[in-house]
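Notes to accompany the following structure.
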Amino acid sequence: MSHPVRVRFAPSPTGFMHLGNVRAALINYLFALQKKGTFIVRIEDTDQTRNMDYGAQHIIADLSWLGLSYQEGPNVGGPYAPYFQSERNSFYKKYLTTLIEKNMAYPCFCSVEELDKKRQRSIALKMPPRYDRTCMALTEAERLQKITNKMPYIWRYKLPAATVKIHDLARGTIEYDLNNFSDFPLTRQDESFTFIFANFVDDMEMHISHVFRGEDHLSNTALQASLYAAFDATLPLFWHLPMLCNHEGKKLSKRDFGFSLQDLIHGGYLPEAIANYLALICGGSYEHEIMDIHELANAFNFDSINSTGHSKYDVEKLRWINHKWIERLDIPVLAERIRPFLETTYPEAQQLSQEKLTQLVTLLKTDLVTLSDAAKNFGFYFTAPTIDTELVQKYAVSHYVTFIQKYLSTHDSTAFDAAEFTASLSGYCKEHKVPAKELFALVRIALTGHSDGPTIKDLLAILSPQDVFVRLSALLQL
-7 MSHPVRVRFA PSPTGFMHLG NVRAALINYL FALQKKGTFI VRIEDTDQTR NMDYGAQHII
53 ADLSWLGLSY QEGPNVGGPY APYFQSERNS FYKKYLTTLI EKNMAYPCFC SVEELDKKRQ
113 RSIALKMPPR YDRTCMALTE AERLQKITNK MPYIWRYKLP AATVKIHDLA RGTIEYDLNN
173 FSDFPLTRQD ESFTFIFANF VDDMEMHISH VFRGEDHLSN TALQASLYAA FDATLPLFWH
233 LPMLCNHEGK KLSKRDFGFS LQDLIHGGYL PEAIANYLAL ICGGSYEHEI MDIHELANAF
293 NFDSINSTGH SKYDVEKLRW INHKWIERLD IPVLAERIRP FLETTYPEAQ QLSQEKLTQL
353 VTLLKTDLVT LSDAAKNFGF YFTAPTIDTE LVQKYAVSHY VTFIQKYLST HDSTAFDAAE
413 FTASLSGYCK EHKVPAKELF ALVRIALTGH SDGPTIKDLL AILSPQDVFV RLSALLQL
């Protein structure tokens, strides 16, 4: 009988979500969705000195924005609550006590300075910088004396001289010789618990069946596998996700655009596109590239994962996928996504009716790569363009001045008829045997600042008659 699938996303609230976090959350979510399992969020906040996102409010908001809903976790609860590590000390103390009773943990009184000196000495001797077990050799009397003297200490796990094996979905079976590792800390001097220990306890307590996280955790996995063995517990299956790299092949960092999820949110990228893109570069093989979260979950083949050293983050490919998703969204949905970007640049956009915004989006959506492009592409609607005189001269504006002047002088802007104006433009071109393309381009420049773009008919449908008259008049002043 197979065990239920239970996966978790366990971020530390030390800042905003970055792409590595998003990818880990996404892969766990897709796996749970495909296997009809449980997706759990657990906040690893034991290191209070580094916590910046108190209550994990930003993390929770980002997951909601991405559409990654969880069945157990903060604000939701569940059978293994609480889901903040800072509230789970009783669990860690219980398992630490068991290790001490089994003589598998010992107090270490070495100071940070002493440990650093030992580390530097090992490096100088070209030896692996492993802890030399100085404090494990202390007698019970020596330990008690140091504790009585209130000497600060931590608890270390005593690694056995053994090998451990894990199964990784991409790499297969991996064997670790624990002789190549150091006795690692279980606690800090402030009596809080370390990531390696608390993470293991929670995964075991919460019956996590699969652990999907970055390959930078490979060495942690070896140490945690030893802890599982110490408690005779079943190891989860693992997938150590390949490192995300920039176009130069270097590890993605905060210097790279898009490393922070906030970069992408403020840059106008859609959550659907971000999830779509990250799933594509995670080794999945898909017949189609543009898919929603449910299509991705159904199509992802977790039984055939390539073992790659890194995944290349390509902003241009993300931009292409984002453009495809903008094309795919229904107009009303896209309009509401665009509205905040317009209102940030043009405060008057707050008074823009849903009908008018829908008109603009319908007319201009094909030119949008990101939502933030709307501020530039829709700008002509809110502000009269600055006309480029050099651009205008390319279209022999002097040939058409008389016609435009005559039209404006014989028509009332309050009774402006877009269809009649367009017909007049065409009629003038036929009568005088001049290229309609030139005249229409000039009018478009006057209305939008650009020689190409929407049809004159469409522009006249969204701009007010007063705006059209004012902008055409400005063209005549050049």
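The sequence shown begins at -7 in the numbering used here and counts up one residue at a time.
Glycine included, every Cβ here is placed at the ideal spot set by N, Cα and C.
Given Asn298 as reference, the closest of Asn81, Leu161, Tyr84 once Cα atoms are compared
For the purposes of this step, residue 298 is taken as residue 306 along the sequence shown, with counting starting at 1. Per the Cα distances, Leu161.
Just curious, the beta strand (DSSP E) that Pro99 is in, first and last residue?
Translated into positions along the sequence shown, residue 99 becomes position 107. For Pro99, the enclosing beta strand (DSSP E) covers residues 97 to 100.
Does the pairing of the region 164 to 183 with the region 115 to 128 give three or more beta-carbon distances under 8 angstroms?
With the cut-off at 8 angstroms, the region 164 to 183 and the region 115 to 128 touch.
Could you check which residue in Tyr420, Thr406, Pro121 has the C-alpha nearest to that of Ser456?
Looking up residue 456 in the sequence shown gives position 464. It is Thr406.
Please give the ranges of any beta strand (DSSP E) in the region 66 to 123, keeping only runs that are unbroken, at least 3 residues long and fully inside the region.
If we require 3 residues or more, the beta strand (DSSP E) runs fully inside the region 66 to 123 come out as 97 to 100.
Please list, in chain order, all residues of the same chain as Met(-7) whose beta carbon is under 7 angstroms from its beta carbon, the five residues on each side excluded.
Working through the sequence shown from its first residue, we reach residue -7 at position 1. Low confidence applies to Met(-7): its pLDDT is 47, below 50, so where it sits in the model is not reliable enough to give any reading.
Three-state secondary structure (DSSP) at Gly206?
Numbered from 1 along the sequence shown, position 214 holds the residue referred to as residue 206. Under the three-state reduction of DSSP, Gly206 is assigned to strand.
Can you tell me whether DSSP reads Tyr305 as helix, strand or coil?
Mapped onto the sequence shown, residue 305 falls at position 313. Three-state result, Tyr305: coil.
Answer with buried or exposed for Met283, where buried requires no fewer than 16 other C-beta atoms within 10 angstroms of its C-beta.
Residue mapping note: residue 283 aligns to position 291 of the sequence shown, counting from 1. It counts as buried.
Would Pro324 pass as a contact of Trp57 if the rule is Cβ separation under 7 angstroms?
If you number the sequence shown from 1, residue 324 lands on position 332. If you number the sequence shown from 1, residue 57 lands on position 65. Trp57 is positioned such that its CB atom lies no closer than 7 angstroms to that of Pro324.
Please report the straight-line C-alpha distance between Lys422 and Leu434, rounded to a whole angstrom.
Your numbering for residue 422 matches position 430 in the sequence shown. Your numbering for residue 434 matches position 442 in the sequence shown. The alpha-carbon of Lys422 is positioned some 17 angstroms away from that of Leu434.
Going by the beta-carbon positions, is the gap between Asn13 and Pro5 smaller than 7 angstroms?
The count along the sequence shown starts at 1 and reaches residue 13 at position 21. The count along the sequence shown starts at 1 and reaches residue 5 at position 13. For Asn13 and Pro5, no; Cβs fall outside 7 angstroms.
Residue nearest to Asp450 in terms of C-alpha spacing, selected from Gln458, Leu270, Arg436, His391
Here residue 450 refers to the residue found at position 458 of the sequence shown. Scanning Gln458, Leu270, Arg436, His391 for the CA closest to the CA of Asp450 turns up Arg436.
Classify Gly164 as helix, strand or coil using the three-state DSSP reduction.
By 1-based counting over the sequence shown, the position of residue 164 is 172. Gly164 falls in the strand class under three-state DSSP.
Given Gln40, which residues of its chain have a CB within under 6 angstroms of its CB, disregarding the five upstream and five downstream residues?
Sequence index remark: in the sequence shown, residue 40 carries index 48 (1-based). Excluding positions up to five away in sequence, the list is empty.
May I ask you to report which of helix, strand or coil DSSP gives Tyr149?
Along the sequence shown, read from residue 1 onward, the residue named residue 149 stands at position 157. Tyr149 falls in the strand class under three-state DSSP.
Rounded to whole angstroms, what is the Cα-Cα separation between Thr213 and Leu170?
As a working mapping, residue 213 is identified with position 221 in the sequence shown. As a working mapping, residue 170 is identified with position 178 in the sequence shown. In this structure, the CA atom of Thr213 is about 12 angstroms from the CA atom of Leu170.
Endpoints, the alpha helix (DSSP H) within which Arg34 is located:
Translated into the one-based positions of the sequence shown, residue 34 becomes position 42. Careful: Arg34 lies outside any alpha helix (DSSP H) and carries neither H nor E.
Spell out the partners DSSP gives Cys274 in its beta bridges.
In the sequence shown, counting from the first residue as 1, residue 274 sits at position 282. BP columns for Cys274 are empty, so no partner.
Looking at the structure shown, is Thr64 part of a helix, part of a strand, or coil, going by DSSP?
In the sequence shown, the residue the question calls residue 64 occupies position 72. Here residue 64 is Glu; the residue named in the question, Thr, does not match the sequence. Of the three classes helix, strand and coil, the one that applies to Glu64 here is strand, per DSSP.
Excluding five sequence neighbours on each side, which residues of the same chain lie with their C-beta closer than 8 angstroms to the C-beta of Cys237?
As a working mapping, residue 237 is identified with position 245 in the sequence shown. Contacts found: Lys243, Leu244, His302, Ser303, Lys304, Tyr305.
Does DSSP classify Leu11 as helix, strand or coil?
Here the question's residue 11 lines up with position 19 in the sequence shown. Helix, per DSSP.
Give the DSSP bridge partners of Pro177, in chain order.
Residue 177 sits at position 185 when you count from the first residue of the sequence shown. Note: Pro177 sits in a beta bridge opposite Arg148.
Length of the line joining the Cα atoms of His286 and Gly59:
Locating residue 286 in the sequence shown gives position 294, counting from the first residue. Locating residue 59 in the sequence shown gives position 67, counting from the first residue. Approximately 11 angstroms between the Cα atoms of the pair.
Just to confirm the assignment, what range does the alpha helix (DSSP H) spanning Cys421 have?
What you label residue 421 is simply residue 429 of the sequence shown in a count that begins at 1. Looking at the DSSP string, the run of the alpha helix (DSSP H) that includes Cys421 is 410 to 424.
Please report the straight-line C-alpha distance between Ile35 and Ile166, rounded to a whole angstrom.
Here residue 35 corresponds to residue number 43 of the sequence shown, with the count starting at 1. Here residue 166 corresponds to residue number 174 of the sequence shown, with the count starting at 1. Each residue's CA atom was taken as its position, placing Ile35 and Ile166 some 28 angstroms apart.
Are the region 133 to 143 and the region 178 to 191 touching, with three or more C-beta to C-beta distances below 8 angstroms?
Taking 8 angstroms as the limit for Cβ pairs, the verdict is that the region 178 to 191 does not touch the region 133 to 143.
C-alpha distance - Phe76 paired with Ala97, whole-angstrom precision
Residue mapping note: residue 76 aligns to position 84 of the sequence shown, counting from 1. Residue mapping note: residue 97 aligns to position 105 of the sequence shown, counting from 1. So the two alpha carbons sit approximately 25 angstroms from each other.
Just the C-alpha distance for Ala129 and Lys138, rounded to the nearest angstrom, thanks.
Here residue 129 refers to the residue found at position 137 of the sequence shown. Here residue 138 refers to the residue found at position 146 of the sequence shown. Looking at the backbone, the Cα of Ala129 and that of Lys138 are separated by about 14 angstroms.
Between the C-alpha atoms of Glu132 and Glu93, what's the straight-line distance to the nearest angstrom?
Looking up residue 132 in the sequence shown gives position 140. Looking up residue 93 in the sequence shown gives position 101. Looking at the backbone, the Cα of Glu132 and that of Glu93 are separated by about 14 angstroms.
Whose C-alpha, out of Ser296, Phe8, Leu233, is nearest the C-alpha of Ile51?
For the purposes of this step, residue 51 is identified with residue 59 of the sequence shown, where counting begins at 1. The shortest C-alpha separation from Ile51 is found at Phe8.
Proximity winner among Glu106, Pro99, Val156, relative to Arg135 (alpha-carbon distances):
Residue 135 sits at position 143 when you count from the first residue of the sequence shown. Cα-wise, what sits closest to Arg135 is Pro99.
Phe432 and Ile454 - do their beta-carbons sit closer together than 7 angstroms?
Position 462 of the sequence shown, counting from 1, holds the residue named residue 454. Position 440 of the sequence shown, counting from 1, holds the residue named residue 432. Not a contact, by the Cβ cut-off of 7 angstroms.
Between the CA atoms of Phe374 and Phe204 - distance to the nearest angstrom:
Walking along the sequence shown from the start, residue 204 turns up at place 212. Walking along the sequence shown from the start, residue 374 turns up at place 382. One alpha carbon belongs to Phe204, the other to Phe374, and they sit about 48 angstroms apart.
Evaluate the contact criterion for the region 224 to 232 versus the region 253 to 270: three or more CB pairs, one atom per stretch, below 8 angstroms.
Touching, no.
Gly164: buried (16+ other C-beta within 10 angstroms of its C-beta) or exposed?
Along the sequence shown, read from residue 1 onward, the residue named residue 164 stands at position 172. With fewer than 16 other Cβ atoms within 10 Å, it is exposed.
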